[in-house]
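Colleague:
There are 2 protein chains.
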Amino acid sequence: MSSTEGDAAALIAGMGQRARMAARLLARAGTSDKAAALRSAAAAICEDASAILVANAEDLRRSDALPAAMRDRLALDPGRLEAVAAAVEAVSELPDLVGRVIDRTERPNGLVLERVRVPIGVVGIVYESRPNVTADAGALCLMAGNAAILRGGSEATGSNRAIHAAFARGIERAGLPPDAVQLVPTADRAAVGAMLRADGVLDLVIPRGGKGLVARVREEARVPVLAHLDGNNHVYVHASADPDMAERVVLNAKMRRTGVCGAMETLLIDRDYPHCAALVAALRHAGCVVKGDPLESPLDGLVEPATAADWDTEYLDAICAVALVDGPDAAMAHIARHGSGHTDAIVAADAAAAERFLAEVDSAIVLWNASTQFADGGEFGLGAEIGIATCRLHARGPVALEGLTTYKWVGRGAGQVRG
Amino acid sequence: MSSTEGDAAALIAGMGQRARMAARLLARAGTSDKAAALRSAAAAICEDASAILVANAEDLRRSDALPAAMRDRLALDPGRLEAVAAAVEAVSELPDLVGRVIDRTERPNGLVLERVRVPIGVVGIVYESRPNVTADAGALCLMAGNAAILRGGSEATGSNRAIHAAFARGIERAGLPPDAVQLVPTADRAAVGAMLRADGVLDLVIPRGGKGLVARVREEARVPVLAHLDGNNHVYVHASADPDMAERVVLNAKMRRTGVCGAMETLLIDRDYPHCAALVAALRHAGCVVKGDPLESPLDGLVEPATAADWDTEYLDAICAVALVDGPDAAMAHIARHGSGHTDAIVAADAAAAERFLAEVDSAIVLWNASTQFADGGEFGLGAEIGIATCRLHARGPVALEGLTTYKWVGRGAGQVRG
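For the record, the sequence lines run as chains R and F.
For the first sequence, the numbering used here gives the first residue as 47, with consecutive numbering after it.
For the second sequence, the numbering used here gives the first residue as 47, with consecutive numbering after it.
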């Protein structure tokens with residue numbers, strides 16, 4: 047371990063110890079206390095608006111070299127900052143799951159067993175660019191009774207610090223420990239490694255970032271991870287699809303916002319679908335570059351040649367790959383091979399074909415006759431989201447409060463012993 | 047990577063590929079098909095009884111040098127083998143959770159979302175000694191719709207192969223793919239490393255073994271792990287405890303079976319509890335060595351001196367540590383510091399003290415007035431268990447069919463697009 051790594055490990059261990067103390071208090075905090083703390087944090091963010099916007103302007107000034115999309119994600123203005131505070135308030139109104147009884151059983155010997163929702167404990171969040179995550183993630187963790195250790199991107203250091211200072215002051219003013227939500231003070235990349243290796247200190251790490259971060263998490267993580275990867279999402283247009291619906295869903299799935307993880311990246315069309323050329327033409331007309339096999343007659347003149355890599359590419363841009371397939375089995379085989387298990391949709395009038403797709407496609411979200419862009423905690427009625435999990439355990443798809451809790455078994459007896 | 051490691055990685059990758067194909071078929075198999083396959087597997091185990099017992103005798107012959115307790119775990123006889131087959135049959139009668147709707151919501155736009163239970167996929171099980179795990183784990187994984195890759199201990203190689211051959215023949219005879227339950231054919235330790243690093247091949251690894259295996263999993267695992275650690279379990283006797291109940295529960299928790307993970311390892315007694323000496327004397331009378339601080343007057347003459355290490359020791363033997371504590375806060379602080387998050391119990395007549403203990407002790411299982419030896423899937427009414435999870439995510443405590451499933455979101459629409 048280098049001295050930098052040792053410093054980072056010591057930093058995270060110290061933060062983790064304070065977080066553990068705070069988590070014990072938070073686990074026992076009542077719903078109204080947690081909600082009041084979040085309202086106070088939202089108010090503090092509003093109070094500090096000028097300071098936060100100044101810090102953000104300074105971050106933007108330092109980030110001249112970043113791509114425009116990244117600068118846009120980083121930028122705050124009074125309206126965006128108001129939305130940050132409003133999101134924290136909204137989390138305070140979500141139903142508190144901690145202490146809820148999931149199920150209950152009385153054993154023949156009279157022992158009564160309940161499974162009860164409890165917080166996970168200490169949660170680490172590693173994220174990039176968007177400074178609003180500092181407030182969003184802190185609020186969701188706190189409402190679920192968890193302490194949070196946040197590590198934002200170096201490009202947003204000033205913005206994150208200013209938002210975090212307000213947030214922590216707000217919760218402290220409401221009587222909850224400010225260590226409940228801590229921000230890693232250094233932009234040093236060694237801190238991320240220390241978080242990923244902090245087995246026993248952090249109970250969970252949620253990475254939110256690009257492929258570089260995801261690869262690092264895969265390689266280095268010793269703590270459980272709730273992976274939030276990008277989505278290589280498919281829309282499969284079945285031969286029975288209504289052409290108007292297919293066009294509406296496909297255009298929305300690809301073009302509503304091209305940079306979100308729920309965007310369609312590959313369009314699969316049944317070879318028997320009679321409106322293939324019109325559908326592809328509509329995508330082109332909407333400004334989308336379409337890649338495929340120009341030798342397929344309905345695509346001739348409409349597509350740029352696709353390479354093998356296109357089927358595995360998340361463009362996050364106004365580009366999509368299109369393939370003609372021979373029915374549902376071929377479509378599902380394509381998705382099994384190239385999909386990332388995020389969100390995949392079928393457009394079909396044939397209910398049997400659709401139900402097969404819903405049952406057999408093994409992604410976190412499978413949709414019938416709806417746009418993949420619905421992949422979002424708010425759209426799913428969860429009130430918020432800390433990410434969309436593409437791993438298979440604990441939580442899948444949009445993760446909000448429930449995914450930030452776990453359970454324990456509580457047994458009440460009258461002196462029972464085991465025979 | 048050494049050539050051995052490369053061979054092991056290739057072996058696991060190949061087995062994983064066949065397991066993935068089998069898992070796709072299993073995920074769609076009906077309850078009756080899975081149950082019939084397990085009944086057929088149980089019958090095949092009975093048919094092969096002589097061959098399995100011969101292989102087991104050979105394993106025992108090779109294992110002369112092992113400790114008696116390990117040889118006992120390894121040994122089969124006709125009665126034990128009948129129990130192995132009966133356990134497989136019992137799993138076939140458990141309720142099938144795959145396809146169950148966990149919850150359902152209709153969004154204002156008419157999109158109907160359900161969370162539906164699905165299998166996890168391909169599950170690896172790494173275990174030691176007990177050859178019955180080959181059948182138990184295979185049965186539970188299959189009933190939950192998962193393919194299993196089993197890697198048993200080298201000392202049980204022959205027994206595991208013989209049981210697995212019968213099991214696989216049984217499920218194949220019933221029309222399910224034999225690759226649904228595969229046994230790693232080599233006793234080479236590199237295979238365990240390859241399983242732990244098989245990100246994308248295995249969806250989950252469940253280790254069942256001693257501290258050496260657990261340490262290796264912590265260091266090497268790149269796949270999600272459902273950790274099944276031993277339990278450093280506590281019974282806390284509150285000042286209000288009924289002395290007869292306290293003695294009954296404590297003796298059962300420690301002495302019913304000393305080698306199980308639910309056994310009490312440390313006894314905490316309120317300094318104000320009037321029957322401390324009698325309780326410790328009862329433990330000694332039952333044949334338990336008690337370690338504590340001989341300078342504490344109620345323990346004087348009853349205990350051997352404890353060292354700091356005793357509070358963190360899982361004896362799995364007729365030995366226990368005892369500490370006097372100043373009330374619930376001190377008891378809970380001791381458990382927070384030294385416990386392993388497995389099973390902890392309070393004996394108390396005072397309901398307020400007991401409820402605080404149940405709420406604040408952060409272990410997978412917390413019990414009031416009941417023995418820690420109830421920590422078992424069968425005793426909890428789950429019908430079986432694949433282990434007791436001491437990790438915090440996905441599943442905690444006894445894990446049976448539900449912990450071997452996950453969920454996906456299924457949305458049905460009428461052409462909805464996102465605004």
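Note that the Cβ used here is the ideal one computed from N, Cα and C, for glycine as well.
Going by DSSP, what residues sit across from T389 (chain R) in a beta bridge?
Modeller: In the first sequence, residue 389 (chain R) corresponds to position 343, counting from 1. DSSP, once it has assigned bridges, lists R:I411 as partnering T389 (chain R).
Colleague: Within the chosen definition, does the region 200 to 214 of chain R reach the region 148 to 155 of chain R through at least 3 CB pairs nearer than 8 Å?
Modeller: Too few Cβ pairs lie closer than 8 Å, so no.
Colleague: At 3 residues or longer, what runs of the beta strand (DSSP E) sit wholly inside the region 193 to 281 of chain R?
Modeller: Runs of the beta strand (DSSP E) inside the region 193 to 281 of chain R: 193 to 197, 227 to 229, 250 to 254.
Colleague: Does DSSP put I148 (chain F) in a helix, a strand or coil?
Modeller: Position 102 of the second sequence holds residue 148 (chain F). Of the three classes helix, strand and coil, the one that applies to I148 (chain F) here is strand, per DSSP.
Colleague: Does the separation of the CB atoms of A369 (chain R) and T312 (chain R) fall below 8 Å?
Modeller: One-based indexing of the first sequence puts residue 369 (chain R) at position 323. One-based indexing of the first sequence puts residue 312 (chain R) at position 266. Closer than 8 Å, so yes.
Colleague: Using a cut-off of 7 Å between C-beta atoms, extract the partners of C334 (chain R) located in chain F.
Modeller: Here residue 334 (chain R) corresponds to residue number 288 of the first sequence, with the count starting at 1. Here the premise fails: no neighbours, minimum Cβ distance about 15 Å.
Colleague: With DSSP collapsed to three states, give me the class of T483 (chain R).
Modeller: Limits of chain R in this structure are 47 at one end and 465 at the other, which puts residue 483 (chain R) out of reach.
Colleague: Cβ closer than 7 Å: which chain F residues qualify as neighbours of H440 (chain R)?
Modeller: Along the first sequence, one-based indexing puts residue 440 (chain R) at 394. The answer, in chain order, is L439, H440.
Colleague: Quick one: what does DSSP say I27 (chain R) is sitting in, helix, strand or coil?
Modeller: Summary: the structure shown does not reach residue 27 (chain R), with chain R confined to residues 47 through 465, and so no result is reported for it.
Colleague: With a threshold of 16 other CB atoms inside 10 Å of the CB of T389 (chain F), please say whether the residue is buried or exposed.
Modeller: Numbered from 1 along the second sequence, position 343 holds the residue referred to as residue 389 (chain F). That one is buried.
Colleague: Classify E265 (chain R): buried if its beta carbon has 16 or more other beta carbons within 10 angstroms, exposed otherwise.
Modeller: Sequence index remark: in the first sequence, residue 265 (chain R) carries index 219 (1-based). When all chains shown are included, E265 (chain R) counts as exposed.
Colleague: If you follow the alpha helix (DSSP H) that R66 (chain F) is part of, which residue opens it and which one closes it?
Modeller: For the purposes of this step, residue 66 (chain F) is identified with residue 20 of the second sequence, where counting begins at 1. It spans 49 to 74 - the alpha helix (DSSP H) in which R66 (chain F) sits, taken as one unbroken run.
Colleague: Just to make sure I have the definition right: I need the residues of chain R whose C-beta is within less than 7 Å of the C-beta of F403 (chain F). Which are they?
Modeller: Taking the second sequence and counting its residues from 1, one reaches residue 403 (chain F) at position 357. Under the 7 Å cutoff, chain R gives no residues; its nearest Cβ is about 10 Å from F403 (chain F).
Colleague: Alpha carbons only, please: which of R:D94, R:T353, R:V179 is nearest the one belonging to I252 (chain R)?
Modeller: Residue mapping note: residue 252 (chain R) aligns to position 206 of the first sequence, counting from 1. Selected option, being the one with the closest Cα: R:V179.
Colleague: Check each candidate in F:D245, F:R262, F:D363, F:V263 and name the one with the smallest Cα separation from M301 (chain F).
Modeller: Along the second sequence, read from residue 1 onward, the residue named residue 301 (chain F) stands at position 255. When only C-alpha atoms are compared, the closest one is F:D363.
Colleague: Does the beta-carbon distance from N102 (chain F) to A121 (chain F) come in below 8 Å?
Modeller: Mapped onto the second sequence, residue 102 (chain F) falls at position 56. Mapped onto the second sequence, residue 121 (chain F) falls at position 75. Going by C-beta atoms, N102 (chain F) is nearer than 8 Å to A121 (chain F).
Colleague: Return yes when the Cβ of E406 (chain F) is within less than 8 Å of the Cβ of R74 (chain R), no when it is not.
Modeller: Along the first sequence, one-based indexing puts residue 74 (chain R) at 28. Along the second sequence, one-based indexing puts residue 406 (chain F) at 360. Against a cut-off of 8 Å, the Cβ pair of E406 (chain F) and R74 (chain R) comes out as a contact.
Colleague: Excluding the 5 residues preceding and the 5 following E360 (chain F) in the sequence, name in chain order all residues of the same chain whose CB lies nearer than 6 Å to its CB.
Modeller: One-based indexing of the second sequence puts residue 360 (chain F) at position 314. D276, N278, E311.
Colleague: Buried or exposed for H331 (chain F), please, with buried defined as at least 16 other CB atoms from any protein chain shown within 10 angstroms of its CB.
Modeller: Residue 331 (chain F) sits at position 285 when you count from the first residue of the second sequence. The residue in question, H331 (chain F), is exposed, as its Cβ has fewer than 16 Cβ neighbours within 10 Å.
Colleague: Counting only Cβ pairs nearer than 9 Å, list the residues of chain F close to I166 (chain R).
Modeller: Within the first sequence, the letter at position 120 stands for residue 166 (chain R). Going along chain F in sequence order, the residues near I166 (chain R) (Cβ under 9 Å) are R438, L439.
Colleague: For V295 (chain F) and V463 (chain R), which I take to be in contact (beta-carbon distance under 8 Å), what is that distance rounded to the nearest angstrom?
Modeller: Taking the first residue of the second sequence as position 1, residue 295 (chain F) is located at position 249. Taking the first residue of the first sequence as position 1, residue 463 (chain R) is located at position 417. With a Cβ gap of about 6 Å, V295 (chain F) and V463 (chain R) count as contacting.
Colleague: DSSP on C92 (chain F), reduced to helix/strand/coil?
Modeller: Within the second sequence, numbered from 1, the residue matching residue 92 (chain F) stands at position 46. It is helical.
Colleague: Does the beta-carbon distance from A430 (chain R) to A446 (chain R) come in below 8 Å?
Modeller: By 1-based counting over the first sequence, the position of residue 430 (chain R) is 384. By 1-based counting over the first sequence, the position of residue 446 (chain R) is 400. Contact flag set, yes.
Colleague: The alpha helix (DSSP H) spanning P374 (chain F) covers which residue range?
Modeller: The residue you call residue 374 (chain F) lines up with position 328 of the second sequence. Its alpha helix (DSSP H) spans residues 373 to 384.
Colleague: Taking any Cβ of chain F, which residues in the region 242 to 256 of chain R have a Cβ under 8 Å from it, in chain order?
Modeller: Under the 8 Å Cβ criterion, the region 242 to 256 of chain R contributes D245, D249, L250.
Colleague: From C59 (chain R) to V247 (chain R), what distance separates their C-alpha atoms?
Modeller: As a position in the first sequence, residue 59 (chain R) is number 13, starting the count at 1. As a position in the first sequence, residue 247 (chain R) is number 201, starting the count at 1. Just to set this straight, residue 59 (chain R) is Ala in the shown sequence, not Cys. Between A59 (chain R) and V247 (chain R), the C-alpha separation is close to 7 Å.
Colleague: Does any residue of chain R have a CB that is nearer than 8 Å to the CB of S386 (chain F)?
Modeller: For this step, residue 386 (chain F) is matched to residue 340 along the second sequence. It does not; no Cβ of chain R falls within 8 Å.
Colleague: Do S1 (chain R) and A399 (chain R) have their CB atoms nearer than 8 Å?
Modeller: Given that chain R is displayed from residue 47 to residue 465, the structure contains no residue 1 (chain R) and the question cannot be resolved.
Colleague: Tell me where the alpha helix (DSSP H) around D290 (chain F) begins and ends.
Modeller: The sequence position of residue 290 (chain F) within the second sequence is 244, counting from 1. Start and end: 289 to 301.
Colleague: Taking T304 (chain R) as the reference, which of R:V335, R:I217, R:P320, R:L72 has the closest Cα?
Modeller: In the first sequence, residue 304 (chain R) corresponds to position 258, counting from 1. Checking every option, the nearest Cα to that of T304 (chain R) belongs to R:V335.
Colleague: Residues of chain R with CB under 7 Å from M310 (chain F), in chain order?
Modeller: Here residue 310 (chain F) corresponds to residue number 264 of the second sequence, with the count starting at 1. Those do not exist, as M310 (chain F) stays about 12 Å from chain R at its closest Cβ, beyond 7 Å.
Colleague: Kindly list, in the order they appear in chain F, the residues whose Cβ is closer than 9 Å to that of M67 (chain R).
Modeller: For this step, residue 67 (chain R) is matched to residue 21 along the first sequence. Within 9 Å Cβ-Cβ: nothing; M67 (chain R) doesn't reach chain F, min ~10 Å.
Colleague: Closest by CA to L404 (chain R), which one among F:G62, F:L159, F:A129?
Modeller: As a first step, residue 404 (chain R) is located in the first sequence; it is residue number 358 there, counting from the start. Of F:G62, F:L159, F:A129, the residue nearest in Cα terms is F:L159.
Colleague: What does P270 (chain R) touch in chain F if you count any residue whose Cβ is under 9 Å from its own?
Modeller: To locate residue 270 (chain R), count along the first sequence from 1; it is residue 224. Correct list: P270, V271, C437, R438, L439, H440.
Colleague: At a cut of 8 Å, does the region 167 to 179 of chain R reach the region 215 to 225 of chain R through at least three beta carbon pairs?
Modeller: Counting Cβ pairs under 8 Å, fewer than three are found: no touch.
Colleague: So, for S417 (chain R): in the same chain, excluding its five sequence neighbours on each side, which residues have a beta-carbon less than 6 Å away from its beta-carbon?
Modeller: Taking the first residue of the first sequence as 1, we reach residue 417 (chain R) at position 371. Contacts found: V295, N298, A299.
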